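**Q** Numbering (our numbering), first residue to last: 47 to 332.
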Amino acid sequence: MSRQTDLYDRVAQASATLVIREYSTSFSMATRLLGPNVRQDVENVYGLVRVADEIVDGVASDAGLAPAEVRVQLDALEADTEQAMLSGYSTNLIVHAFALTARRCDISTDLTRPFFASMRADVTESTHDAQSFTDYVYGSAEVIGLMCLQAFVRELSVTPDAHAEFVRGARALGAAFQKVNFLRDLSADFDHLGRSYFPGVNLEKLTDEDKLGLVRDIDDDLELARSIVPNLPRSSRRAVALALSLFAQLNRQIERTPARVLRTKRISVSAPTKVWLALRAIWGGI
47 MSRQTDLYDR VAQASATLVI REYSTSFSMA TRLLGPNVRQ DVENVYGLVR
97 VADEIVDGVA SDAGLAPAEV RVQLDALEAD TEQAMLSGYS TNLIVHAFAL
147 TARRCDISTD LTRPFFASMR ADVTESTHDA QSFTDYVYGS AEVIGLMCLQ
197 AFVRELSVTP DAHAEFVRGA RALGAAFQKV NFLRDLSADF DHLGRSYFPG
247 VNLEKLTDED KLGLVRDIDD DLELARSIVP NLPRSSRRAV ALALSLFAQL
297 NRQIERTPAR VLRTKRISVS APTKVWLALR AIWGGI
């Protein structure tokens, strides 16, 4: 590798690190607990995911792009990503960083294509039925868990049965994260973006019973995800435990918040609670 290429790789990955630091205090805190051989790859995955999410969630429309033009931008990002995964190079620093991780961790288009399909759904679909909801959550969140899993176990010898358990847990954790975000962002998604993700749930008349049913579903996902944490490599175990704890705490706060309040108020975990959960993860708590 030339010095010029090494510099470009470092700048690209530093750009991905900056994205996660600026956009997500929770995920940024969790990634700091990852081993150095894993942390950069997870940050690189997050960088691409965030850029795609920003295309469909407001930055492009704020720039005056119509939905059809947003689709063009998203399609271009996917094409650039796939080409970079093949060649190992992109003029887009965030895409370049992701491609480095994809090639190191054997992340294929089997995971990136469902992700971009879900991003496109945010441009074209405002409501979901049971099947489209399942497909959306898989592409927008579960595959992210699977990409991170590829980084976690890259240097680990795993039996097929153990790998299958890891896959189930990673998908469940991704699904739980997404569903919690749907609940905490009800106002932004429904009132401002016109989206209603949960099938069969009238968000304009959201009841406490509706909300508690969704909370219990998230608890089931979190419980499945929690079961794999002790078997993860040491380099990722504490970080995953912290991320899981942060979203479990969010789910508890959502559970205690009346549905009518949830429609207008975004729930968040306080800074002192985040610190306490981080310390518990460091000490080995799940």
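No residue lacks a Cβ here, since even glycine has one placed at the ideal position from N, Cα and C.
On a predicted model such as this, the values are computed, not experimentally measured, just so you know.
Measure the Cβ-Cβ separation of L288 and A327 and say whether it is below 8 Å.
**A** Yes.
**Q** Which ranges would you report for the alpha helix (DSSP H) in the stretch 225 to 291 if only whole runs of at least 4 residues count?
**A** Listed in chain order, they are 254 to 272.
**Q** Going by C-alpha to C-alpha distance, which of G191, R280, V169 and I264 sits closest to A294?
**A** Selected option, being the one with the closest Cα: I264.
**Q** Do the CB positions of S72 and L260 come within less than 8 Å of each other?
**A** No.
**Q** Starting from A62, trace the alpha helix (DSSP H) in both directions and tell me its first and last residue.
**A** Here the alpha helix (DSSP H) through A62 covers R49 to Y69.
**Q** Among residues of its own chain, excluding the 5 on either side of A167, which ones have a beta-carbon nearer than 6 Å to its beta-carbon?
**A** Excluding positions up to five away in sequence, the list reads Y182.
**Q** List the endpoints of the continuous alpha helix (DSSP H) containing A109.
**A** That residue, A109, is in no alpha helix (DSSP H); it is neither H nor E in DSSP.
**Q** Just to confirm the assignment: which complete alpha helix (DSSP H) runs, minimum length 4, are found wholly within the stretch 84 to 140?
**A** For the stretch 84 to 140, whole alpha helix (DSSP H) runs of length 4 or above, ordered along the chain, are 105 to 108 and 113 to 133.
**Q** Helix, strand or coil for T173, going by three-state DSSP, please let me know.
**A** Note: T173 maps to strand in three-state DSSP.
**Q** Using 8 Å as the threshold, is the stretch 74 to 94 in touch with the stretch 112 to 122, meaning 3 or more CB pairs across them?
**A** Touching, no.
**Q** What's the C-alpha gap between G229 and L308?
**A** Before going further, note that residue 229 is Leu rather than Gly in the sequence given. The alpha-carbon atoms of L229 and L308 are separated by roughly 8 Å.
**Q** Could you check the C-alpha separation between A324 and D254 for me, to the nearest Å?
**A** For A324 and D254, the distance between alpha carbons rounds to 30 Å.
**Q** I'd like to check one pair, A58 with A125: are the Cβ atoms closer than 8 Å?
**A** Cβ distance not < 8 Å, so A125 and A58 don't count as in contact.
**Q** Can you give me the start and stop residues for the alpha helix (DSSP H) that K320 sits inside?
**A** It spans A317 to I328 - the alpha helix (DSSP H) in which K320 sits, taken as one unbroken run.
**Q** What's the C-alpha gap between E269 and N297?
**A** The alpha-carbon atoms of E269 and N297 are separated by roughly 12 Å.
**Q** Specify the secondary structure class of G215 as computed by DSSP and reduced to three states.
**A** Three-state DSSP puts G215 in a helix.
**Q** For S242, which option in R67, V169 and T205 has the closest C-alpha, if you only look at C-alpha atoms?
**A** Of the listed residues, the one whose Cα sits closest to S242 is V169.
**Q** How big is the Cα-Cα spacing for T180 and M47?
**A** Whole-angstrom Cα-Cα distance: 43 Å.
**Q** Below 8 Å between beta carbons: does that hold for G81 and S281?
**A** Yes; because the gap between Cβ atoms is below 8 Å, this pair is in contact.
**Q** So, are the CB atoms of A187 and F223 less than 8 Å apart?
**A** Yes; because the gap between Cβ atoms is below 8 Å, this pair is in contact.
**Q** Considering Cα atoms alone, identify which of D256, A221, P304 and R312 is closest to R272.
**A** Checked all of D256, A221, P304 and R312; the closest Cα to R272 is A221.
**Q** Apply the 10 Å Cβ neighbour rule to A122 and answer buried if 16 or more other Cβ atoms are within range, or exposed otherwise.
**A** Label assigned to A122: exposed.
**Q** In or out: H209 buried (at least 16 other Cβ within 10 Å) or exposed?
**A** With fewer than 16 other Cβ atoms within 10 Å, it is exposed.
**Q** Distance check for S70 and R78, CA to CA, integer angstroms please.
**A** C-alpha separation (whole angstroms): 12 Å.
**Q** Report buried or exposed for Q86, applying the criterion of at least 16 other Cβ atoms within 10 angstroms of its Cβ.
**A** Label assigned to Q86: buried.
**Q** Considering just the uninterrupted stretch of the alpha helix (DSSP H) at I190, what are its terminal residues?
**A** Per DSSP, I190 belongs to the alpha helix (DSSP H) from V189 to F198.
**Q** With 16 other CB atoms within 10 Å as the buried threshold, where does T158 fall?
**A** By the neighbour-count rule (16 or more Cβ atoms within 10 Å), T158 is buried.
**Q** Assuming I190 contacts V286 (C-beta within less than 8 Å), just tell me the rounded distance between them.
**A** The pair is not a contact, with the Cβ atoms about 13 Å apart (cut-off 8 Å).
**Q** Can you tell which of E301, G246, D108 and R149 has the C-alpha that lies nearest to the C-alpha of M131?
**A** The shortest Cα separation from M131 among E301, G246, D108 and R149 belongs to R149.
**Q** Is the beta carbon of Q119 less than 8 Å from the beta carbon of I101?
**A** Yes.
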